[in-house]
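Novice: Provided herewith is a single structure, encoded as structure tokens, for subsequent inquiry.
There are 2 protein chains.
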Amino acid sequence: MASEPSSEGTRSRATLQEVASLADVSISTVSKVLNGRAGVSSETRARIEALLQDHRQSQRPPKRQVAPLLEVVCYEIDSPFAGEVLASIEQAARQRRIGMVLTGTTPDQTPYEEWVEDVLRRQPVGVVLVACVLPAEVKQRLLSRDIPLVAIDPAGAPAPDVPSVGSADWNGGYLATRHLIDLGHRRIGIITGPGDMMASTARLSGYRAALDASGLPVAPELVRSGEFHHADGLAEGLALLSLPERPTAIFASSDLYALGVYEAARSLGLAIPADLSVVGYDDLSIAQWAVPPLTTVHVPLVAMAEQAVHLVLRLADEPDLAFSRIDIDTTLVVRNSTRQADFVFPPSAEAKRGRSARTKISGK
Amino acid sequence: MASEPSSEGTRSRATLQEVASLADVSISTVSKVLNGRAGVSSETRARIEALLQDHRQSQRPPKRQVAPLLEVVCYEIDSPFAGEVLASIEQAARQRRIGMVLTGTTPDQTPYEEWVEDVLRRQPVGVVLVACVLPAEVKQRLLSRDIPLVAIDPAGAPAPDVPSVGSADWNGGYLATRHLIDLGHRRIGIITGPGDMMASTARLSGYRAALDASGLPVAPELVRSGEFHHADGLAEGLALLSLPERPTAIFASSDLYALGVYEAARSLGLAIPADLSVVGYDDLSIAQWAVPPLTTVHVPLVAMAEQAVHLVLRLADEPDLAFSRIDIDTTLVVRNSTRQADFVFPPSAEAKRGRSARTKISGK
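Shown next, in the form of structure tokens:
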């Protein structure tokens with residue numbers, strides 16, 4: 003039956019027999035491991051997994067039968083970022099009459115422990131990872147059954163064995179910073195993401211490159227980091243705006259950060275963009291809804307989702323397709339949160355400086 | 003095989019034979035219709051559907067076998083509201099080791115045309131509808147196969163044949179308005195949802211009841227409506243704030259509306275809460291991220307999602323369970339967008355009134 007989600011019938015019985023005799027177990031035990039069923043000790047399971055993996059490398063099994071399902075694992079399903087990516091993946095899958103099975107992650111950005119068993123039972127066309135990672139052992143189990151994986155905007159560094167779709171992060175960081183420099187800003191703060199995440203490192207690098215290109219120094223106190231949450235934007239925004247010589251502009255490298263910076267500015271009585279220019283990153287709907295509407299870097303989420311679905315389906319057909327990484331271009335969307343700095347006398351910075359000077363004098 | 007998603011084996015062959023001979027087709031044609039496969043003319047399909055439906059009413063078929071999948075159909079997957087509901091449904095499904103198959107809708111809040119065929123092939127445990135509706139014919143096809151349906155916060159009026167989970171909308175509207183009255187506001191605008199949607203009618207009714215209870219009139223010019231989008235909040239907010247005698251408070255009956263009202267206030271140079279108090283509805287994350295953080299009515303989305311999943315699974319076990327509707331309680335969350343009105347001399351209203359009076363005099 004075409005819709006039966008089992009890979010068993012598609013492996014030659016000879017293969018199963020061979021692995022079974024090497025592992026000194028019955029064919030039915032090998033079949034259980036292959037299809038993620040219970041009733042096999044973890045020690046035996048590991049031995050069989052290793053043999054299946056060896057076998058795959060020496061001899062490709064015949065093409066498996068798949069159910070018309072696409073597995074999607076996503077970090078923080080309820081975040082605005084996830085919502086927009088998932089809506090696009092669902093559209094792309096639906097157009098191909100493939101159902102999207104959506105699973106959230108634990109806080110460490112991996113799926114729940116038994117997830118891989120459930121996936122082996124469902125025999126999907128493939129797996130798309132959104133801002134999350136799989137433990138090496140789980141990845142092996144999927145790949146040994148020719149279930150292809152594609153990552154969108156992977157957490158951490160892209161794994162060499164998982165093809166990934168991202169966007170031009172360095173370019174986005176450069177564009178955002180360049181825009182602020184072109185408006186006359188000279189003290190530009192940045193709130194970056196986690197240091198072990200390629201996307202945030204690339205954005206920071208773009209920021210540095212834009213400053214360098216204009217002969218501006220990178221002031222260490224203006225570089226702050228967080229975990230891409232609103233609360234980080236608020237805390238780091240407050241830190242930046244409380245500096246003795248505060249920045250006149252902040253490149254918040256996510257839209258959520260930017261909203262946190264808005265709140266930081268409000269709590270200090272600073273108006274955006276009159277006293278502070280802010281650039282976000284992602285161009286989620288919340289950027290348009292911000293008050294004032296947020297200037298931000300547009301990340302092509304729709305195109306990324308479409309590419310990821312296209313790619314995972316191609317890999318299902320051609321498991322040996324050589325593919326590592328594609329980055330789609332980013333663009334700057336100028337709205338109302340940025341404006342020309344008063345070049346000659348940056349008003350608030352000067353005022354601040356004035357006050358500091360007076361304090362110093364009176365203190366002496 | 004337990005995981006085989008087919009209901010065919012579970013209907014007695016006698017049933018199929020009976021329907022086939024009544025419809026004057028082969029058993030295989032009946033089986034195709036039952037399992038959503040192609041190759042049957044729409045006329046024949048309709049005839050068989052009707053017979054299957056009759057048959058179900060006269061004689062319950064044996065319990066069908068199901069795949070461990072839960073179908074979720076959701077309007078505007080990328081909206082903040084959907085994101086928070088979907089994350090909760092996924093959690094509830096995952097705890098039961100059931101995969102969530104997520105499908106978006108067309109703009110008219112129904113799934114794509116062939117969706118029901120795909121669902122019949124997948125044979126899920128049940129279907130949860132989030133802010134959307136199914137055409138009557140689609141509903142019949144699912145119910146005739148004992149695939150249970152539950153609606154969360156249904157679009158339009160809850161259908162009597164679909165059990166639904168909602169929240170106490172009237173109570174929420176009352177709480178929001180009562181809060182503003184308690185703060186001394188007397189001219190309170192409202193932006194409601196679509197008039198044919200039960201939830202928005204109930205919120206409006208709560209608003210009226212709270213005004214009545216305080217002996218305040220319901221001024222028709224203060225009641226505006228939209229489709230729960232940000233743009234409506236902006237447009238209707240501008241309309242309310244441009245009235246000759248503008249409201250000192252607005253009950254925006256969705257958080258997205260409230261953000262639109264924020265933008266309307268900003269564009270008119272009005273500060274929140276100094277010049278205008280705003281109450282939202284839903285208590286999505288965007289309410290906390292708003293600047294200033296938004297006072298809003300908390301809708302218990304997590305509990306609603308958990309109830310819906312629990313209910314659809316119970317219905318899968320007990321198809322005759324009598325259940326129509328459950329509403330979970332709403333509460334008010336006070337943040338920084340509301341404050342005491344100046345009771346004796348509402349400053350802006352009085353100023354405005356003063357100007358109007360002068361204009362009249364000078365006009366005479």
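From first to last, the protein sequence lines stand for chains A and B. For what it's worth, the numbering used here labels the leading residue of the first sequence as 3, then goes sequentially. For what it's worth, the numbering used here labels the leading residue of the second sequence as 3, then goes sequentially. Cβ coordinates follow ideal geometry from the N, Cα and C atoms, glycine included. Just so we're clear, the structure is a prediction, and the values are computed from it rather than from any experiment.
1) Hey, is residue 13 (chain B)'s beta-carbon within less than 8 Å of any beta-carbon in chain A?
2) In its own chain, which residues sit with a C-beta less than 8 Å from the C-beta of residue 285 (chain B), not counting the 5 before and 5 after it?
3) List, in chain order, every chain A residue whose beta-carbon is nearer than 7 Å to that of residue 93 (chain B).
4) If you follow the beta strand (DSSP E) that residue 226 (chain A) is in, where does it begin and where does it stop?
5) Which partner residues of residue 76 (chain B) appear in the DSSP bridge assignment?
6) Provide the residue(s) that pair with residue 28 (chain A) in DSSP beta bridges, ordered along the chain.
7) Go through its chain and collect everything with a Cβ distance to residue 342 (chain A)'s Cβ below 7 Å, but skip five positions before and after it.
8) Give me the DSSP bridge partner(s) of residue 300 (chain B).
9) When you compare the CB of residue 75 (chain B) with every CB in chain A, is at least one pair closer than 8 Å?
10) Rounded to whole angstroms, how far is the Cβ of residue 106 (chain A) from the Cβ of residue 71 (chain A), which I believe are closer than 8 Å?
11) Can you check which of these residues, B:251, B:178, B:263, B:235, is closest to residue 211 (chain B) by C-alpha distance?
12) Kindly indicate the opening and closing residues of the beta strand (DSSP E) around residue 167 (chain A).
13) Using the C-alpha atoms, what's the distance from residue 290 (chain A) back to residue 338 (chain A)?
14) Taking the C-alpha atoms as reference points, what is the distance between residue 315 (chain B) and residue 148 (chain B)?
15) Which class does residue 153 (chain B) belong to by DSSP, given the choice of helix, strand or coil?
16) Would a C-beta distance cut-off of 8 Å place residue 87 (chain B) and residue 132 (chain B) closer than the cut-off?
17) Output, in chain order, the set of chain A residues within a Cβ distance shorter than 8 Å of residue 116 (chain B).
18) Where does residue 6 (chain A) sit, in a helix, a strand or coil, going by DSSP?
19) Taking all protein chains shown into account, do 16 or more other C-beta atoms lie within 10 angstroms of the C-beta of residue 238 (chain A), making it buried, or fewer, making it exposed?
20) With 8 Å set as the bound, which would you pick, yes or no: does the beta-carbon of residue 22 (chain A) sit closer than that to a beta-carbon of chain B?
21) What span of residues does the beta strand (DSSP E) with residue 252 (chain B) cover, start to end?
22) Does DSSP put residue 186 (chain B) in a helix, in a strand, or in coil?
23) Can you list, in chain order, the residues of its chain whose CB lies under 8 Å from that of residue 332 (chain A), leaving out five sequence neighbours each side?
24) Tell me, to the nearest whole angstrom, how far the beta carbon of residue 218 (chain B) is from that of residue 248 (chain B); I am working on the premise that it is less than 8 Å.
25) Kindly identify the DSSP beta-bridge partner or partners of residue 71 (chain B).
26) To the nearest angstrom, report how far apart residue 43 (chain A) and residue 31 (chain A) are at their CA atoms.
27) Mind checking which residues open and close the alpha helix (DSSP H) that includes residue 202 (chain A)?
28) Consult DSSP for residue 279 (chain A) and reduce its assignment to one of helix, strand or coil.
29) Put residue 262 (chain B) into one of helix, strand or coil per three-state DSSP.
30) Between the Cα of residue 283 (chain A) and those of A:143, A:195, A:144, spot the shortest distance and give me the residue it belongs to.
31) Show which residues of chain A have a CB atom less than 8 Å away from the CB atom of residue 217 (chain B).
32) Against chain A, with Cβ distances strictly below 8 Å, would residue 80 (chain B) count as a contact?
33) Check the Cβ of residue 291 (chain A) against every Cβ in chain B and list those closer than 8 Å, keeping chain order.
34) For residue 292 (chain A), which option in B:130, B:259, B:57 has the closest C-alpha, if you only look at C-alpha atoms?
35) Using a Cβ cut-off of 7 Å, which residues of the stretch 292-319 of chain B contact any Cβ in chain A, in chain order?
36) Between residue 35 (chain B) and the rest of its own chain, which residues show a CB-CB distance below 6 Å, the 5 nearest in sequence each way excluded?
Specialist: If we stick to the structure as given:
1) As a working note, residue 13 (chain B) is residue 11 in the second sequence. Because residue 13 (chain B) carries a pLDDT of 47, less than 50, the predicted location of this residue cannot be relied on, and the following value inherits that uncertainty. With 8 Å as the cut-off, residue 13 (chain B) does not count as an interface residue toward chain A.
2) One-based indexing of the second sequence puts residue 285 (chain B) at position 283. The beta carbon of residue 285 (chain B) lies closer than 8 Å to those of 257, 298, 299, 300, 301, 335 in the same chain, with the five residues before and after it left out.
3) Stepping through the second sequence from its first residue, residue 93 (chain B) is reached at position 91. Near residue 93 (chain B) (Cβ distances below 7 Å), the residues of chain A are 106.
4) For the purposes of this step, residue 226 (chain A) is identified with residue 224 of the first sequence, where counting begins at 1. Unbroken beta strand (DSSP E) run through residue 226 (chain A): 225-227.
5) The residue labelled residue 76 (chain B) in the question sits at position 74 within the second sequence. DSSP, once it has assigned bridges, lists B:106, B:132 as partnering residue 76 (chain B).
6) Counting from one through the first sequence, the residue named residue 28 (chain A) turns up at place 26. In the DSSP output, where bridge partners are listed per residue, residue 28 (chain A) has none listed.
7) Taking the first sequence and counting its residues from 1, the one referred to as residue 342 (chain A) is at position 340. Within the same chain, residue 342 (chain A) has close Cβ partners 185, 186.
8) The sequence position of residue 300 (chain B) within the second sequence is 298, counting from 1. Answer by DSSP bridge pairing, in chain order: B:284, B:333.
9) Here residue 75 (chain B) is taken as the residue at index 73 of the second sequence, counted from 1. Chain A contact via Cβ: absent.
10) Taking the first residue of the first sequence as 1, we reach residue 106 (chain A) at position 104. Taking the first residue of the first sequence as 1, we reach residue 71 (chain A) at position 69. With a Cβ gap of about 17 Å, residue 106 (chain A) and residue 71 (chain A) do not count as contacting.
11) Sequence index remark: in the second sequence, residue 211 (chain B) carries index 209 (1-based). Cα-wise, what sits closest to residue 211 (chain B) is B:178.
12) Indexing the first sequence from 1 puts residue 167 (chain A) at position 165. In this chain, the beta strand (DSSP E) harbouring residue 167 (chain A) covers 166-169.
13) One-based indexing of the first sequence puts residue 338 (chain A) at position 336. One-based indexing of the first sequence puts residue 290 (chain A) at position 288. Here the alpha carbon of residue 338 (chain A) sits roughly 10 Å from the alpha carbon of residue 290 (chain A).
14) Counting from one through the second sequence, the residue named residue 315 (chain B) turns up at place 313. Counting from one through the second sequence, the residue named residue 148 (chain B) turns up at place 146. In a straight line, the C-alpha of residue 315 (chain B) is about 12 Å away from that of residue 148 (chain B).
15) Taking the first residue of the second sequence as position 1, residue 153 (chain B) is located at position 151. It is a strand residue.
16) As a first step, residue 87 (chain B) is located in the second sequence; it is residue number 85 there, counting from the start. As a first step, residue 132 (chain B) is located in the second sequence; it is residue number 130 there, counting from the start. Result yes, Cβ atoms of residue 87 (chain B) and residue 132 (chain B) sit closer than 8 Å.
17) Locating residue 116 (chain B) in the second sequence gives position 114, counting from the first residue. Neighbours of residue 116 (chain B) on chain A, chain order: 99.
18) If you number the first sequence from 1, residue 6 (chain A) lands on position 4. Residue confidence is low: residue 6 (chain A) scores 40 on pLDDT, short of 50, so the model does not pin down where it sits. No coordinate-derived value is stated.
19) Locating residue 238 (chain A) in the first sequence gives position 236, where the first residue counts as 1. Sixteen is the threshold: when 16 or more other Cβ atoms of the shown chains lie within 10 Å of the Cβ of residue 238 (chain A), as they do, the residue is buried.
20) The residue given as residue 22 (chain A) occupies position 20 in the first sequence. No, residue 22 (chain A) lies away from the interface with chain B (no Cβ there is under 8 Å from its Cβ).
21) Here the question's residue 252 (chain B) lines up with position 250 in the second sequence. For residue 252 (chain B), the enclosing beta strand (DSSP E) has its first and last residue at 251-254.
22) Here the question's residue 186 (chain B) lines up with position 184 in the second sequence. It is coil, neither helix nor strand.
23) For the purposes of this step, residue 332 (chain A) is taken as residue 330 along the first sequence, with counting starting at 1. Answer for residue 332 (chain A): 169, 170, 171, 173, 174, 177, 299, 300, 301, 302, listed in chain order.
24) By 1-based counting over the second sequence, the position of residue 218 (chain B) is 216. By 1-based counting over the second sequence, the position of residue 248 (chain B) is 246. About 16 Å separates the two Cβ atoms, so there is no contact after all.
25) Within the second sequence, residue 71 (chain B) is the residue found at index 69, counting from 1. Answer is B:101, bridged to residue 71 (chain B).
26) Here the question's residue 43 (chain A) lines up with position 41 in the first sequence. Here the question's residue 31 (chain A) lines up with position 29 in the first sequence. Computed Cα separation, rounded: 10 Å.
27) Walking along the first sequence from the start, residue 202 (chain A) turns up at place 200. Segment 200-215, the alpha helix (DSSP H) holding residue 202 (chain A).
28) Position 277 of the first sequence, counting from 1, holds the residue named residue 279 (chain A). It is a strand residue.
29) Residue numbering aside, residue 262 (chain B) sits at position 260 when the second sequence is read from its first letter. Three-state DSSP puts residue 262 (chain B) in a helix.
30) If you number the first sequence from 1, residue 283 (chain A) lands on position 281. Minimum Cα distance to residue 283 (chain A) is reached at A:195.
31) For the purposes of this step, residue 217 (chain B) is taken as the residue at position 215 of the second sequence. Those within 8 Å of residue 217 (chain B) in chain A number zero; the least Cβ separation is about 35 Å.
32) Position 78 of the second sequence, counting from 1, holds the residue named residue 80 (chain B). Contact with chain A is found for residue 80 (chain B), since one of that chain's Cβ atoms lies less than 8 Å from the residue's Cβ.
33) Position 289 of the first sequence, counting from 1, holds the residue named residue 291 (chain A). By Cβ distance, chain B contributes 232, 258, 261, 262, 265, 288.
34) What you label residue 292 (chain A) is simply residue 290 of the first sequence in a count that begins at 1. The candidate whose alpha carbon is nearest that of residue 292 (chain A) is B:259.
35) The residues in question are 293, 294.
36) What you label residue 35 (chain B) is simply residue 33 of the second sequence in a count that begins at 1. Same-chain partners within the cutoff: 42, 47, 50.
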